[in-house]
Structures are given as C-alpha cells and as structure tokens.
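Protein chains: 2
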Amino acid sequence: MGSSPTAGTMNIADLPTPAVVIDAAILRNNITHMATLHPATALRPHVKAHKCTSLARLQQDAGHTAFTCATPREVIGMASAGVGADLLLANEVLDPQRLAQMARAQDTTRVTVAVDSQDTVRAAARAGIANVLIDINVGLPRCGCSVDDAPRLADLARSLGVEVRGVMGYEGHLMMVADKQERRDKVHEAMQILADASLRVGGDIVSAGGTGTFDMYDGTVVNEVQTGSYALMDTYYSQLGLPFHQAMWVLGTVISVSPEWAVVDVGLKALGMDHGDPSIDQHKVWFCSDEHITFSPSDRVSFPSIGDQIRVTPGHIDPTMSMHSTAFVIDGDAVIDQWPIDLRGW
Amino acid sequence: MGSSPTAGTMNIADLPTPAVVIDAAILRNNITHMATLHPATALRPHVKAHKCTSLARLQQDAGHTAFTCATPREVIGMASAGVGADLLLANEVLDPQRLAQMARAQDTTRVTVAVDSQDTVRAAARAGIANVLIDINVGLPRCGCSVDDAPRLADLARSLGVEVRGVMGYEGHLMMVADKQERRDKVHEAMQILADASLRVGGDIVSAGGTGTFDMYDGTVVNEVQTGSYALMDTYYSQLGLPFHQAMWVLGTVISVSPEWAVVDVGLKALGMDHGDPSIDQHKVWFCSDEHITFSPSDRVSFPSIGDQIRVTPGHIDPTMSMHSTAFVIDGDAVIDQWPIDLRGW
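And the structure:
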C-alpha cells in the first residue's frame, strides 16, 4: 500500500500514542466505491480532509487526476509530491508569496485558483497564476460572488491573460440537511444558481459538492464533485447513512485507572473538537482535557486496565488529521505502512 | 527579546496568515507580575500552555528554573533547548521509548515524572528515571492515586532505587469556580488531601495549582504552583478577573466580503475549539469553517475591506498554540521576533 520499509514489522501494540490509525481495507473500499460512482475527473477529491499525499496517491490510483485543495500549502505539497495533474485551490488567496509559489508549481502541474473579487483576480494574475475558476455564492454565507458579478470578474481575468476554466460553488449549508429528498431538492435549487453563472462565465468546469451530497447531481450541470470526507469518514457525516465507513481513529493507551473511571492519553490537542467530544465504542466519555479523556465502560464491557489500547473516534476527522504528523495504516493488528501527514499548515 | 536576525525588519502587514501573534509587552508584564507573586521555584510554569522554548526562556529569565510539562516531547524539547534545570512531567507515561528518551535527558537536566500506579512506577524505574512525584487525586476525576495508595507507591519506587521527591495534585475541577471565596475554600479543602499525602509520602515537593487558583495557596502546604495560561492568557480564564491580560491572537486576512458578511482566513484548523467559537473584537462571529470565519461588524466599526488584517481571539489558547509552527512577537505593528512552537507533538 506504500513504501515505508520498516512499518510491516510493527504491531499496533508497538505504536506510540496518541496515534492516528487508518484501516487499509475500509479506506480502500470507500475510495473504490466512490470511484465507481464518480470515476476519473467526475470526482475532484478534496485533500483538506486528510492532508496526506500518500492517501491522495491512492485516490489517484483509483483514477482521479484532479484534486481540490483548501490552502496554498496543500497545492504546493501535492505538486511537490507529484500527485494529481490538475490542482484546484477552492479558496481565495491574496498573499503574493504563496500565489507565486503556486505559480512556480505550474511548471509541473496545472494549478487553478478560485477567485470571487477584483482583488483576488488581480492578485492571481500578478503572481502568474494561469487558470482561475469564478467562485459563486450558492447560499452558504462564506466566499463566492453573486451571479451578477461573475461575468465582470471573468472578463477582468481574461483581460489580464488568465484562463477562466468555469465556475465553482460550495453548498456547504446543505451538507447536513437530514431529509434526503429535501437535501436533494435544495441542492438542485442551489445548482440552478451555478448553472446560470456557468452560462454567463463560460468555461468547461462546473464544480461543487461535498460528501453529504455526493449522489445528488444527476440532472444538474455539475461535472465534478469536490468530496473529501468520504475516504476516512466521520461520525458527523455517518448520521446521514452514506455508503462509506469510518476508517480512521486515534489510538490511545490507558495510563490511569480509578475505581469509577479510566484515563486514556488522547486529549483535545489530538482531536478536532468543533463537532464536540469524541466517542469511545461501548464506553462513556466523561470529559476531554489537553492530553486526556476520562471515560468509563458500559455494562457490556469489562473495566479497562492500565496499558490497554483504546480506539477513540474523533467528532471531526479533518481537523484531527491536521493535528498529527503521521498516520499509521493498519490491517487488523499489523501496521503495514506509515504516511506523513505532509500537507499541514498554510 | 530573542535571536531571530531578520524579524526586526518585518511589519505585521507582511505576515503570512493565519499567524499567531504575541504582544511582547503584555507577555512581559504577565510574566513579571507572576514572578513577583511566586518568585523562583515557588512557580513551576507549565509549558503545555505555549509549547515554546523561547517563551519558556523568558520565564527562566524571570527567575523560574523549574518547569512543568504535559508530554515527554515537552520534557525532551526543553532539555534539548537547555531551558530549565528541573523538569517535571506532570502526567503518567508507560511508553518505554519515551521514558528512555527522558532518562537520557537526565544527563543535562533533572527530570521528575508523575506516577499514580505500580505500572507507572515500574515503567519509570525500568527506563532509568531517577525521580518521581506521587500524583494524588485531589478531586478531579482524572489521573492520581488515593492518599491510601500513595505510601505503597512511594515505597515501591524507593525499593527500585527511584527518589520520591514528594507529591503533586491538580485541582483542575476548581479552576473555574466563579465565586472567588468559594474557589479558595474548595482549593484549601483539596490541598488538605495533598497535605495528608505529603505527610505519608515524604519528600520536599508539594506541587499543585493552575492559573485560575494561582493566589489561593497561602496557608496550605503547597510550595510550588503549576500555572501555564497566565503568560498568554485566555478569554476563558479572563472571566475570573485575574491580573493577567490576553497577549496572543491569531492574525488573519479578510479574503472575501459580501454585502452582509466578511470572511477571514482563520479557521478551526488554526483555533482551539473546545471552549467554543473564537471572538473578534467589535464584530459578530457567524460560524467557523476549516479555513474561514464568517463574521460581520458591530454598528461601532466600519465594514471590513478585502485585504484588511483582523485579530481573532481563540476560545482556548493552549490547543491553538499547538496548531501553529511559529509565533510572531510584536511590538505595536513591528514584528520583533519569530519563535518556533517547538514542543508540539508527543
């Protein structure tokens, strides 16, 4: 599954904790299943979900050559690793140094940057970025211009010698609409906005979406879907009953037991906390500290002992990955690979 | 204030964002004020709050030679940087490799490890750790043994040739008791437990406390206070009206504006989120995404423009520091130093 020479001899019992562990088979199934539904460039996997070029390479092996990034660091790291032939920064950037770094990455890969204002168009052009997408607001109050502003920005970009490849719009406000039909209807409404923008902007690309809406683009103009979380999944997205399964946990060691509770060495500095506390299967989480979770078992399992390993399920995968430097790939209890989480930072 | 040769020529307008910025004067005042109240080894500053040896060096310059750490990485990093003469790992560890690394650090500094079980005592002894403190549970359901178990653990440690320097107990459950007199009373009750343990264990050290209770140990047996947050402070602790002031923010750049909101490039991957959303002075935070905050100004300030810099106040400083690789030290708008946040990880 990768190239680390020594990892094959390790067992999860040998791992220093807290440690990100990824189940190789579940990850592979998630990637394969999505590649069947959205093959090749119909999917533009979002690397912000894992920040790991080794994992992105598996997505590339499954047929995807175009990737989505959230930070210049992700674009530059993917280019340096030689993964992906078409990298989209689906985010606005003004920083001339980072734009110049991304422009240099164009020597080896295609780089496209989202723009939603005259300032971001001019900053991209000035740095020598060759391609942009016009980022359209499709309802989420965040980045993205109005449909009315889009043609002017496209004209400005073209007048500055920058190719406008099309439009993108992220309907992030719809990812967690609980009712599937309602979610689909609202996605279709939002994609009408993107269709109007596409007509007025031109270009080939109409890019949108996320894991919560991955199967809702039939009958829309969307021709590439920006999903990230599907690969490692999440307790948050799993509420939607999607056909992808949790493949990542943070492994910890029980370092202290008391008559009523135990303590594992996975704390809030090792866990994305914006979706709330983590969970531990068959156990009750009492609270999280910087370096600890205090927890107790349910009636169905025995009380943990000092030295036991425990799998902690983070509330949110994306920020959890960005807190760790390494992911350990496991097959049962065998550690079969180690992947640097090499796209961290900005 | 430090040794970075080029930082002196920078202005905050030049900083790549998101960027941790530390106000040098406020930091210095916080450190000086605490050193007046708890001079020299009466304070054992906790480095987990900042994970930065350059900042710890300022605390050392203020007279403190003993430090508290939460992870082996913090102990090893402090030892490598040559900061502190007496490093306490106020946490339980079983990992033989990390214990061995800390034992090697004993060539250059004194290392003491907290223990609360036979397993942790034996693991420390086996690795060659020369000094331990018995960690006593003083009411927080986390690590720490009972007073009754403490003498047996001390005897075991001594029988294995390990020096028992005394006891510690962290009354973390009392840090945020809102009423000051009630907080003081409860701290004194908890410290009675520690006093009993100290009598039965022996040794010189009775270590406890945090920033919320820094001034509540008169009349107790506590002879060193483990405060960390006081140096950079926190909106959470500032609810208590302590005589320390916020010295750290995450600087961001406004990358997008819409008629009703603006977006700054500081997201939840750059912010400790366990105390909830960050705040922006004079502005309303709408929500946080991985790489963005959507916000709007109050009536008292003008609407931000693309390219404006904004200071974001994290809900919790400790985990925020651990998400960044560099802290920029500022004096007004001048960047006067850059500090690696070099104690991250485990």
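Chains as they are written, first to last, in numbering that gives the first Met the number 0: chain A, 0 to 345; chain B, 0 to 345. Even glycine gets a Cβ: it sits at the ideal position worked out from N, Cα and C.
Under a Cβ-count criterion, where at least 16 other Cβ atoms within 10 Å of its own Cβ denotes burial, should residue i be classed as buried or exposed?
{"i": "threonine 221 of chain A", "result": "Per the sequence shown, residue 221 of chain A should be read as valine rather than threonine. Valine 221 of chain A is buried by the Cβ-count criterion."}
{"i": "threonine 210 of chain A", "result": "buried"}
{"i": "valine 249 of chain A", "result": "buried"}
{"i": "alanine 149 of chain A", "result": "buried"}
{"i": "valine 19 of chain B", "result": "buried"}
{"i": "serine 197 of chain A", "result": "buried"}
{"i": "aspartate 264 of chain A", "result": "buried"}
{"i": "aspartate 289 of chain A", "result": "buried"}
{"i": "serine 116 of chain B", "result": "buried"}
{"i": "phenylalanine 213 of chain B", "result": "buried"}
{"i": "threonine 119 of chain A", "result": "buried"}
{"i": "glutamine 281 of chain B", "result": "exposed"}
{"i": "alanine 39 of chain A", "result": "exposed"}
{"i": "arginine 164 of chain B", "result": "buried"}
{"i": "glutamate 162 of chain B", "result": "exposed"}
{"i": "proline 95 of chain A", "result": "exposed"}
Classify residue i as helix, strand or coil using the three-state DSSP reduction.
{"i": "arginine 346 of chain B", "result": "Not covered by the structure: residue 346 of chain B. The range shown for chain B is 0 to 345."}
{"i": "glycine 202 of chain A", "result": "coil"}
{"i": "glutamate 366 of chain A", "result": "Within the shown structure, residues of chain A are numbered from 0 to 345, placing residue 366 of chain A beyond reach of any answer."}
{"i": "valine 131 of chain A", "result": "strand"}
{"i": "valine 120 of chain A", "result": "helix"}
{"i": "alanine 230 of chain A", "result": "coil"}
{"i": "isoleucine 254 of chain A", "result": "strand"}
{"i": "histidine 323 of chain A", "result": "coil"}
{"i": "histidine 274 of chain B", "result": "coil"}
{"i": "asparagine 429 of chain A", "result": "One cannot answer for residue 429 of chain A here, as it falls past the ends of chain A, which runs 0 to 345."}
{"i": "isoleucine 309 of chain B", "result": "strand"}
{"i": "serine 295 of chain B", "result": "strand"}
{"i": "aspartate 214 of chain B", "result": "coil"}
{"i": "glutamate 73 of chain A", "result": "helix"}
{"i": "leucine 155 of chain B", "result": "helix"}
{"i": "leucine 26 of chain A", "result": "helix"}
{"i": "histidine 37 of chain B", "result": "coil"}
{"i": "histidine 49 of chain A", "result": "coil"}
{"i": "glutamate 259 of chain A", "result": "coil"}
{"i": "isoleucine 192 of chain A", "result": "helix"}
Distance, Cα to Cα, residue i vs residue j?
{"i": "isoleucine 305 of chain B", "j": "glutamine 180 of chain B", "result": "48 Å"}
{"i": "valine 300 of chain B", "j": "threonine 16 of chain A", "result": "47 Å"}
{"i": "isoleucine 335 of chain B", "j": "asparagine 10 of chain A", "result": "47 Å"}
{"i": "aspartate 22 of chain B", "j": "glycine 331 of chain B", "result": "8 Å"}
{"i": "isoleucine 340 of chain B", "j": "threonine 325 of chain B", "result": "5 Å"}
{"i": "valine 224 of chain A", "j": "leucine 42 of chain A", "result": "5 Å"}
{"i": "alanine 6 of chain A", "j": "phenylalanine 327 of chain A", "result": "Its pLDDT being 46, under 50, alanine 6 of chain A is placed unreliably by the model, and the measurement read from it follows with that caveat. Roughly 9 Å between the two C-alpha positions."}
{"i": "arginine 97 of chain A", "j": "arginine 310 of chain B", "result": "21 Å"}
{"i": "serine 257 of chain A", "j": "serine 295 of chain A", "result": "10 Å"}
{"i": "arginine 151 of chain A", "j": "lysine 283 of chain A", "result": "55 Å"}
{"i": "proline 172 of chain B", "j": "proline 140 of chain B", "result": "Inspection of the sequence shows that residue 172 of chain B is occupied by histidine rather than by proline. Whole-angstrom Cα-Cα distance: 8 Å."}
{"i": "alanine 12 of chain B", "j": "glutamate 188 of chain B", "result": "50 Å"}
{"i": "arginine 183 of chain B", "j": "valine 110 of chain B", "result": "31 Å"}
{"i": "threonine 31 of chain B", "j": "tyrosine 229 of chain B", "result": "11 Å"}
{"i": "leucine 270 of chain A", "j": "glycine 314 of chain A", "result": "8 Å"}
{"i": "glycine 240 of chain B", "j": "threonine 226 of chain B", "result": "16 Å"}
{"i": "phenylalanine 363 of chain A", "j": "threonine 293 of chain A", "result": "Residue 363 of chain A is absent from the structure shown; chain A starts at 0 and stops at 345."}
{"i": "arginine 64 of chain A", "j": "histidine 37 of chain A", "result": "It is worth fixing the name first, because residue 64 of chain A is threonine in this sequence and not arginine. Approximately 12 Å between the Cα atoms of the pair."}
{"i": "glycine 1 of chain B", "j": "threonine 52 of chain B", "result": "Residue confidence for glycine 1 of chain B is low, a pLDDT of 45 falling below 50, so the modelled location carries little weight; the figure read from the coordinates is stated next. Whole-angstrom Cα-Cα distance: 11 Å."}
{"i": "glycine 201 of chain A", "j": "histidine 291 of chain B", "result": "28 Å"}
{"i": "serine 3 of chain A", "j": "alanine 80 of chain A", "result": "Low confidence applies to serine 3 of chain A: its pLDDT is 49, below 50, so where it sits in the model is not reliable, and the reading given next is rough at best. Distance between the alpha carbons of serine 3 of chain A and alanine 80 of chain A: 15 Å."}
{"i": "serine 44 of chain A", "j": "alanine 55 of chain A", "result": "For the record, residue 44 of chain A in the displayed sequence is proline; it is not serine. Between proline 44 of chain A and alanine 55 of chain A, the C-alpha separation is close to 8 Å."}
{"i": "leucine 348 of chain A", "j": "serine 237 of chain A", "result": "Nothing can be reported for residue 348 of chain A: it is not among the residues displayed for chain A, which extend from 0 to 345."}
{"i": "arginine 388 of chain B", "j": "serine 158 of chain B", "result": "What is shown of chain B runs 0 to 345, which leaves residue 388 of chain B out entirely."}
{"i": "alanine 69 of chain A", "j": "leucine 88 of chain A", "result": "6 Å"}
{"i": "aspartate 233 of chain B", "j": "glutamate 170 of chain B", "result": "19 Å"}
From which residue to which residue does the beta strand (DSSP E) around residue i run?
{"i": "arginine 103 of chain B", "result": "That residue, arginine 103 of chain B, is in no beta strand (DSSP E); its alpha helix (DSSP H) goes 95-104."}
{"i": "glutamine 59 of chain B", "result": "Where glutamine 59 of chain B is concerned, there is no enclosing beta strand (DSSP E), although the alpha helix (DSSP H) it sits in stretches over 52-60."}
{"i": "proline 339 of chain A", "result": "333-339"}
{"i": "alanine 177 of chain A", "result": "Where alanine 177 of chain A is concerned, there is no enclosing beta strand (DSSP E), given that its DSSP letter is neither H nor E."}
Between which two residues does the alpha helix (DSSP H) containing residue i stretch?
{"i": "arginine 109 of chain B", "result": "It is not in any alpha helix (DSSP H) - arginine 109 of chain B instead sits in the beta strand (DSSP E) that spans 109-114."}
What does residue i pair with, by DSSP beta-bridge criteria?
{"i": "alanine 65 of chain B", "result": "B:Asp85"}
{"i": "tryptophan 248 of chain B", "result": "B:Val20"}
{"i": "leucine 42 of chain B", "result": "B:Val224"}
{"i": "asparagine 10 of chain A", "result": "A:Ala333"}
| When you check each C-beta in the segment 279-313 of chain B against every C-beta of chain C, which residues fall closer than 7 Å? | Absent from the structure: chain C. Protein chains present are A and B.
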